[in-house]
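Under the working numbering, the first residue of the sequence shown is numbered 1322, with each subsequent residue one higher.
Heads up, the beta-carbon is just placed ideally off N, CA and C, and yes, glycines get one too.
For reference, the structure discussed in these notes is given below.
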Amino acid sequence: MATLLGAGVLGSAAVLGANVWAARASAGHAYAAELAPQRPVALVLGAGLTPAGTPTPYLAYRLDVAKQLYDAGTVRVLLVSGDNRTHAYDEPTAMTDYLVAHGIPAERIVQDFAGRDTYDSCARARRIFGVEQLIVVTQEYHVRRAIATCRALGIDAVGVGDLQGRRFADVWASGSQREKLAVVKTVWDLTTRRDPVLGQPESRVQDALAGT
């Protein structure tokens, strides 16, 4: 019984400590879209696909925020990062199709097909695509961890969190609760410096910026 109690205390301390870290590391770096400072790139994190292969509502909301930032001139290139582990599941292509259908030029969109989680997307933005400054776009309850992760990996990052998803109250509440635990894994990844799926460095972001 004492062992279980001790494990519970340690687990609670880990969750609390990780969330305090994320809050402190992201403090002063989260903005509403209309107030965000200019950065060359917006990193849009994946959030799932429908059975039809289109963005889920939560992912569509993130893409809407990215479009708002692009249309305002706050960013010049959108880096869409998501999962593509199987031929039948391709988040970056679905994200690109959505953005192009909503008026974003295809040449201003760069796809990262190995953004399997927040840590991977942030690490690959820096190590594969050479991004040093960005706005990370996700839901509001997730944005602190995303900002903190990017900054811990050497990126001058700010973030914009979508709030439209609050209309799905149960989903929002569930996501907020999961987020408290997900931060612990992120801290572990950052501590161990886990390698994401890697490859050769790419110049596609710089090429897209050069064309703006």
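Counting only the same chain and skipping the five closest in sequence on each side, list residues whose C-beta sits under 6 Å from that of residue i.
{"i": "G1451", "result": "none"}
{"i": "A1478", "result": "L1455, V1457, I1468, C1471 and R1472"}
{"i": "V1464", "result": "A1351, G1480 and G1482"}
{"i": "L1474", "result": "C1443, A1444 and R1447"}
{"i": "W1493", "result": "G1486 and R1487"}
{"i": "A1348", "result": "none"}
{"i": "Y1419", "result": "P1376 and L1384"}
Apart from the five residues on each side of it in sequence, which residues of its chain come closer than 7 Å, Cβ to Cβ, to residue i?
{"i": "L1370", "result": "P1376, T1377, Y1410, E1412 and A1415"}
{"i": "V1386", "result": "A1354, V1458, V1481 and D1483"}
{"i": "A1343", "result": "R1465, R1466, A1469 and V1504"}
{"i": "V1396", "result": "R1360, P1361, V1362, A1363, L1390 and I1456"}
{"i": "Y1382", "result": "D1483, Q1485 and G1486"}
{"i": "L1326", "result": "For L1326, the pLDDT reaches just 45, beneath the cut-off of 50, and the residue's location in the model is therefore unreliable, leaving the point undetermined."}
{"i": "P1522", "result": "I1449 and G1451"}
{"i": "L1530", "result": "P1361, R1397 and V1398"}
{"i": "H1423", "result": "K1388"}
Apart from the five residues on each side of it in sequence, which residues of its chain come closer than 8 Å, Cβ to Cβ, to residue i?
{"i": "D1433", "result": "L1400, V1401, S1402, G1403, P1413, S1442, R1445, A1446, I1449 and F1450"}
{"i": "G1394", "result": "Q1359"}
{"i": "G1367", "result": "L1380, V1401, S1402, G1403, D1404, E1412, P1413, M1416, G1436 and S1442"}
{"i": "L1511", "result": "Y1440, T1470, A1473 and L1474"}
{"i": "S1497", "result": "Y1462"}
{"i": "R1406", "result": "R1437"}
Name the one or two DSSP bridge partners that residue i has.
{"i": "I1456", "result": "A1363 and V1479"}
{"i": "Q1432", "result": "V1401"}
{"i": "Y1352", "result": "V1481"}
{"i": "L1370", "result": "P1376"}
{"i": "T1407", "result": "Y1410"}
Would residue i be called buried (16 or more neighbouring beta carbons within 10 Å of its own) or exposed?
{"i": "Q1460", "result": "buried"}
{"i": "V1398", "result": "buried"}
{"i": "V1421", "result": "exposed"}
{"i": "R1488", "result": "exposed"}
{"i": "G1495", "result": "It is Ser, not Gly, that sits at residue 1495 in the sequence shown. Under this definition S1495 is an exposed residue."}
{"i": "L1384", "result": "buried"}
{"i": "D1528", "result": "exposed"}
{"i": "D1516", "result": "exposed"}
{"i": "A1373", "result": "exposed"}
{"i": "V1330", "result": "Since pLDDT at V1330 reaches only 44, below the 50 mark, its modelled position is unreliable, and no value is offered."}
{"i": "A1357", "result": "buried"}
Rounded to whole angstroms, how far is the Cβ of residue i from the Cβ of residue j, which I believe are closer than 8 Å?
{"i": "V1431", "j": "R1499", "result": "V1431 to R1499, Cβ: 28 Å. No contact."}
{"i": "I1476", "j": "E1453", "result": "6 Å"}
{"i": "A1339", "j": "V1508", "result": "5 Å"}
{"i": "E1428", "j": "G1532", "result": "6 Å"}
{"i": "V1336", "j": "K1501", "result": "6 Å"}
Counting only beta-carbon atoms, is residue i nearer than 7 Å to chain B?
{"i": "D1510", "result": "No chain B appears in this structure, which consists of one protein chain only."}
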